[in-house]
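Student:
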Amino acid sequence: MNNMNIYFATDKNIYDALHHKRITITRLREILLRKGIIVAQDLTKEELIEEVCKLPQGYSDLDSIKELVQTYDKRESITSVKLQASSSQTELKTAAELVKRKLATGSGETVKITAKKDGSLAIEVNYQEVDLSRTALRQIDNRNIKIDLTVNNDNVDIRMPQNQKAKDVITLLQKELSKIKSVDVEKFEISLEAIPTPALRSQFFQEVMGGLSGYEIDDVTNVELNRSTSKGDDEEEEEIETGFVKKAVLKGDSVNSSAIFTQLHNKGYYIGRIAWSAKPKNGIGDRILVEAFFKDSENCSDFSYQIKGINNQKGSGYNVTIRAANEVEKKKISLLIEQSAADAYNIVTGKKVEEHEKI
């Protein structure tokens, strides 16, 4: 351990951590109460912090504080990619075991590989992310990723978190599988980087929303619009007040039909992120809340999605309260989104070829 200071908490480390916005006055009172200390109701946050810092802090105390101030959001966005090669669960497991050996080289990472009865494979990686620019108790985030691999006739479908660690694991798996098969295994992921046409980029999201099998669009609640900054458009850029507006975010109900959305869309802005609700076409079932976006919105790459929640059906309408989707619902909705995104990609790339042939 070259940076021992990140593994031990000094009094100053604890003092700094307690000033985090997630450490509220209520939390500070709870910390003191666990120590058997009751304080006056009129104490300020600073005074409560001073009281906490006077007390000895054990491992469990520090761990609970660290949990409160960590920056890792476990509700990461999801993406899907394909390894374009026929394979089997046995081959994938062999490749995954080789990846496991490479990851478990003293860096504190643990890898669990699960072969399922349906022929799929799950890879779970626990790891730590270190950022020395943060205060001491926030320098290490304990993270976890789960990657699901499903074998099909001519490819391997992969569902994983949209983050760099998951990408690194898949890159290693791709290399090991290529060695096992003695052929270069290609990877496919949805990207519109080669399609600069704003209308087609926006159409992609319209197709994704409308393509969820068995569902229809109920409402659009959030739209993020981007505008390309390619050199060819420089002379045609319109200045609004102080300069070039590169991104616009619209929130509310039915924002995709608002006048400002139409105006921006007509000026060459394209959708880079959209959130909507969808309800069953047959009127039976709960309403789902979904968001789809490109993490790299300027280049329209790194396609991602999130299942934001579910409104339970209530009579002829839906509850206002949003609940989290369970694992069965997540799997079902994820499949619908991924299939819709694949269909949308094929539609817009097909139109791109047709336009090129017309020129």
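Heads up: the sequence shown at position 307 corresponds to 306 in numbering that gives the first Met the number 0, and the numbers run straight through without jumps.
Glycine is no exception: its CB is placed at the ideal position from the N, C-alpha and C atoms.
Would you list, in sequence order, the uninterrupted alpha helix (DSSP H) runs of no fewer than 4 residues that lie entirely inside the stretch 176 to 225?
Tutor: Fully enclosed alpha helix (DSSP H) runs of 4 or longer: 197 to 209.
Student: If the criterion is Cβ atoms closer than 8 Å, does the pair PRO78 and PHE293 meet it?
Tutor: Translated into positions along the sequence shown, residue 78 becomes position 79. Translated into positions along the sequence shown, residue 293 becomes position 294. Sequence check: residue 78 is Thr here, not Pro. No, the pair does not count as a contact, with Cβ atoms beyond the cut-off.
Student: If you reduce the DSSP assignment to three classes, tell me which class LYS330 lands in.
Tutor: Within the sequence shown, the letter at position 331 stands for residue 330. Reduced to three states, the DSSP call for LYS330 is helix.
Student: Is the stretch 142 to 162 touching the stretch 103 to 120, taking contact as three or more C-beta pairs under 8 Å?
Tutor: Counting Cβ pairs under 8 Å, three or more are found: they touch.
Student: On the three-state DSSP scale, how would you describe SER85?
Tutor: The residue given as residue 85 occupies position 86 in the sequence shown. Coil.
Student: Compute the Euclidean distance between the alpha carbons of ASN225 and GLU46, then round it to the nearest angstrom.
Tutor: Along the sequence shown, read from residue 1 onward, the residue named residue 225 stands at position 226. Along the sequence shown, read from residue 1 onward, the residue named residue 46 stands at position 47. Distance between the alpha carbons of ASN225 and GLU46: 46 Å.
Student: Would you kindly work out how many angstroms separate the C-alpha atoms of ILE332 and VAL207, rounded to a whole number?
Tutor: Indexing the sequence shown from 1 puts residue 332 at position 333. Indexing the sequence shown from 1 puts residue 207 at position 208. Each residue's alpha carbon lies about 13 Å from the other.
Student: Measuring straight from C-alpha to C-alpha, what distance separates ASP342 and ARG26?
Tutor: Counted from its first residue, the sequence shown places residue 342 at position 343. Counted from its first residue, the sequence shown places residue 26 at position 27. If I take the Cα positions, the gap works out to 48 Å.
Student: Per DSSP, what are the beta-bridge partners of LYS111 in this structure?
Tutor: Along the sequence shown, read from residue 1 onward, the residue named residue 111 stands at position 112. According to DSSP, which records beta bridges pairwise, LYS111 is partnered with GLU123.
Student: Kindly identify the DSSP beta-bridge partner or partners of GLY314.
Tutor: The residue given as residue 314 occupies position 315 in the sequence shown. GLY314 pairs with nothing; no bridge assigned.
Student: Per DSSP, what are the beta-bridge partners of PRO160 in this structure?
Tutor: Here residue 160 is taken as the residue at index 161 of the sequence shown, counted from 1. According to DSSP, which records beta bridges pairwise, PRO160 is partnered with ILE77.
Student: Just the C-alpha distance for GLU75 and HIS19, rounded to the nearest angstrom, thanks.
Tutor: Position 76 of the sequence shown, counted from the start, is the residue given in the question as residue 75. Position 20 of the sequence shown, counted from the start, is the residue given in the question as residue 19. Approximately 22 Å, taken between the alpha carbons.
Student: Determine, using beta carbons only, whether LEU82 and LYS178 come nearer to each other than 8 Å.
Tutor: The residue labelled residue 82 in the question sits at position 83 within the sequence shown. The residue labelled residue 178 in the question sits at position 179 within the sequence shown. For LEU82 and LYS178, no; Cβs fall outside 8 Å.
Student: For GLU297, which residues does DSSP report across the bridge?
Tutor: Counted from its first residue, the sequence shown places residue 297 at position 298. Looking at the DSSP assignment, GLU297 forms no beta bridge with any residue, so it has no partner.
Student: Do three or more CB pairs link the stretch 191 to 209 to the stretch 152 to 159 at distances below 8 Å?
Tutor: The stretch 191 to 209 vs the stretch 152 to 159: no contact.
Student: Skipping 5 residues on each side, what residues in its chain have a beta carbon closer than 8 Å to that of LEU335?
Tutor: The residue given as residue 335 occupies position 336 in the sequence shown. Closer than 8 Å at Cβ, skipping near neighbours: LEU211, SER212, GLY213 and TYR214.
Student: Leaving out five residues before and five after ILE309 in sequence, what residues of the same chain have Cβ atoms less than 6 Å from its Cβ?
Tutor: Locating residue 309 in the sequence shown gives position 310, counting from the first residue. So the list reads ASP285, ILE287, ARG322 and ALA324, once near-sequence residues are dropped.
Student: Would you call the stretch 120 to 127 and the stretch 34 to 48 touching, i.e. three or more CB-CB distances under 8 Å?
Tutor: Result no; under three Cβ-Cβ pairs closer than 8 Å.
Student: Can you tell which of LYS180, ILE22 and SER227 has the C-alpha that lies nearest to the C-alpha of LYS44?
Tutor: Residue mapping note: residue 44 aligns to position 45 of the sequence shown, counting from 1. Nearest of LYS180, ILE22 and SER227 to LYS44, Cα basis: ILE22.
Student: Verify whether the separation of the beta carbon atoms of GLY184 and ALA340 is less than 8 Å.
Tutor: In the sequence shown, residue 184 corresponds to position 185, counting from 1. In the sequence shown, residue 340 corresponds to position 341, counting from 1. Checking the displayed sequence, the identity of residue 184 turns out to be Val instead of Gly. No, the Cβ-Cβ distance between VAL184 and ALA340 is not below 8 Å.
Student: Does the beta-carbon of LEU173 have 16 or more other beta-carbons within 10 angstroms, so that it is buried, or is it exposed?
Tutor: Here residue 173 is taken as the residue at index 174 of the sequence shown, counted from 1. This sequence places Gln at residue 173; Leu is not what is there. Classification for GLN173: buried.
Student: Tell me, which residues are paired with PRO55 by DSSP?
Tutor: If you number the sequence shown from 1, residue 55 lands on position 56. In the DSSP output, where bridge partners are listed per residue, PRO55 has none listed.
Student: Return the first residue and the last residue of the beta strand (DSSP E) that ASP140 is part of.
Tutor: What you label residue 140 is simply residue 141 of the sequence shown in a count that begins at 1. Here the beta strand (DSSP E) through ASP140 covers 139 to 150.
Student: At the level of alpha carbons, what is the spacing between LEU61 and ALA8?
Tutor: Start at 1 with the first residue of the sequence shown, and residue 61 comes out as number 62. Start at 1 with the first residue of the sequence shown, and residue 8 comes out as number 9. Cα to Cα, LEU61 sits roughly 8 Å from ALA8.
Student: Taking all protein chains shown into account, decide if PRO55 is buried (16 or more other Cβ within 10 angstroms of its Cβ) or exposed.
Tutor: Residue numbering aside, residue 55 sits at position 56 when the sequence shown is read from its first letter. Per the 10 Å Cβ criterion, exposed.
Student: Taking the beta carbon of VAL129 as the centre, do at least 16 other beta carbons fall within 10 Å, making it buried, or is it exposed?
Tutor: As a working note, residue 129 is residue 130 in the sequence shown. The residue is exposed, with fewer than 16 neighbouring Cβ atoms inside 10 Å.
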